[in-house]
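In this note's numbering, the protein residues as written are 85 to 538.
Beta carbons: idealized from backbone N, C-alpha and C, even for Gly.
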């Protein structure tokens, strides 16, 4: 079990200290509000950013998981919102180790887990609500189950279960999880398992349909073209056409080079060994899987002009495998002894350092947004009901954040006879409507219309 607990301790060591710092920012606020409201309202199938505004951009599974954490730990609880990301990350680390151990050796599996855990842009994702983390968790689980199927006489059952897991990935984010089908099919073909390719594609795809299709049919039957135009149009087709960004196709290559240093040196060494046909025979299968994964997933991700660092999460486990192969080919005596001895004292040392960091008054995140917190205080101090705040042009993230802070939703629009004034600072005056204007959030409090003079 050492191959598992060492990377898990490392992962927790870089994840847990000062987990309470920061605030609900960007998509974390959006997913937190949507997820908590789904549990609070009992509507677990139709995401809403506001009781009057359905949310069509993303499937509900990962949002529900984080919402459950907040339902248990508290609505305005940043730790409760982040804990599910840590759980997903632990799962990804475990499957990364298990897959490498199955295709190569326990030692290389341990090294893979350590490399993954200490990759900056991997562990930093636990500080947010990350749909990508849960998507990757189900992809890794599906990969491990597929390998069990290749080795089993009842391979089709395993492939169907892998498809079910793949479908759960599709319920975290649209379409991306399907890239696993060609990845594993190519790996089977080049690793001497061609007879499994067609059964895997058929039963894997069928399993994905079984688990993912019901929710999509529910949303189509409930919301019709409104859902289709956003989910398949804006979120998929428009992103591929370039309507959501124009980042270069080299975006992820540059990002990976920056964030995985110095691991990239080990990856380059592995590629050099492969070109020279000097890879250890026991590592060829793992190298084949990692290479197929990167060569298929990287172009697929780069096809979308909307590029973000978190979208690259599926590339980190295969890169960890390839880097680990290079590190296990290094013959430096002291390093080889430490490596082959299971990286003695690494985990205890990391735990001690993490404890010290947690106790020190170190700020790992920016201070909470005082403007956003001022919303709640202004409403409470002046006895203003939260639902009396009206947002004229509030974005979904702002609506969700308002709900997290107050437990209520703002009015949407001012078509009810109320008026709103504009004040550039946080103020409350008896002779003026309340307007809160922060860095990212504008809230209006409606004022009762003047009595009818007629």
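Annotated as distal: residue 171 and residue 181, with beta-carbon spacing of 8 Å or more. The Cβ atoms of residue 493 and residue 134 sit closer than 8 Å to each other. In the DSSP annotation of this structure, residue 132 is not part of any alpha helix (DSSP H); the continuous beta strand (DSSP E) holding it starts and ends at 132 to 134. Taking 8 Å as the cut-off, the Cβ atoms of residue 485 and residue 113 count as close. Cβ atoms of residue 198 and residue 96 stay farther apart than 8 Å, at about 13 Å.
In this chain, the alpha helix (DSSP H) harbouring residue 431 covers 430 to 443.
Three or more beta-carbon pairs separated by less than 8 Å are not found between the region 261 to 274 and the region 297 to 313, which leaves the two stretches without contact. In the DSSP assignment, residue 137 is bridged to 134. Rounded to the nearest angstrom, the Cβ distance from residue 406 to residue 334 is 19 Å, too far for a contact under 8 Å.
Taken through DSSP and simplified to helix, strand or coil, residue 334 comes out as coil. In terms of Cβ geometry, residue 218 and residue 146 form a close pair [threshold 8 Å]. Spanning the alpha carbons of residue 294 and residue 239 requires a straight line of approximately 18 Å.
The residue among 111, 208, 110, 150 with its C-alpha nearest the C-alpha of residue 100 is 208. Put simply, of 448, 403, 166 the residue whose alpha carbon is nearest the alpha carbon of residue 375 is 403. Residue nearest to residue 426 within the set 483, 192, 136 is 192 (criterion: CA-CA distance). The shortest C-alpha to C-alpha distance from residue 117 to any of 215, 151, 422 is the one to 151. In the structure shown, residue 246 falls within a helical segment according to DSSP collapsed to helix, strand and coil. Taking 8 Å as the cut-off, the beta carbon of residue 258 is found no closer than this to the beta carbon of residue 393. In the three-state reduction of the DSSP assignment, residue 280 falls in the helix class, which pools H, G and I. Annotated as distal: residue 228 and residue 255, with beta-carbon spacing of 8 Å or more.
Going by beta carbons, residue 252 and residue 398 fall outside the 8 Å limit. By alpha-carbon distance to residue 400, the top candidate from 221, 447, 108 is 221. Within a 10 Å sphere around the beta-carbon of residue 385 sit 16 or more other beta-carbons, which makes this residue buried. For residue 128, there is no enclosing alpha helix (DSSP H), as DSSP marks it with neither H nor E. Annotation for residue 157: 163, 164 place their beta carbon closer than 7 Å to its own, counting only its chain and skipping 5 residues before and after.
The beta carbon of residue 378 is closer than 8 Å to those of 399, 402, 403, 406 in its chain, skipping five residues each way along the sequence. Under the DSSP assignment, residue 375 falls in the alpha helix (DSSP H) whose first and last residues are 368 to 386. Bounds of the alpha helix (DSSP H) holding residue 174 are 162 to 187. Burial of residue 380 is indicated by the presence of at least 16 other C-beta atoms within 10 angstroms of its C-beta. The residues 140, 141, in chain order, have a CB closer than 7 Å to that of residue 314 in the same chain once the five nearest residues on each side in sequence are set aside. C-alpha of residue 215 to C-alpha of residue 437: approximately 29 Å in a straight line. About 6 Å separates the beta carbon of residue 187 from that of residue 373, a gap short enough to meet the 8 Å contact definition.
The three-state secondary structure of residue 392, taken from DSSP, is coil. The straight-line gap separating the alpha-carbon atoms of residue 369 and residue 316 is approximately 36 Å.
Here the C-alpha atom of residue 266 lies approximately 19 Å from the C-alpha atom of residue 241.
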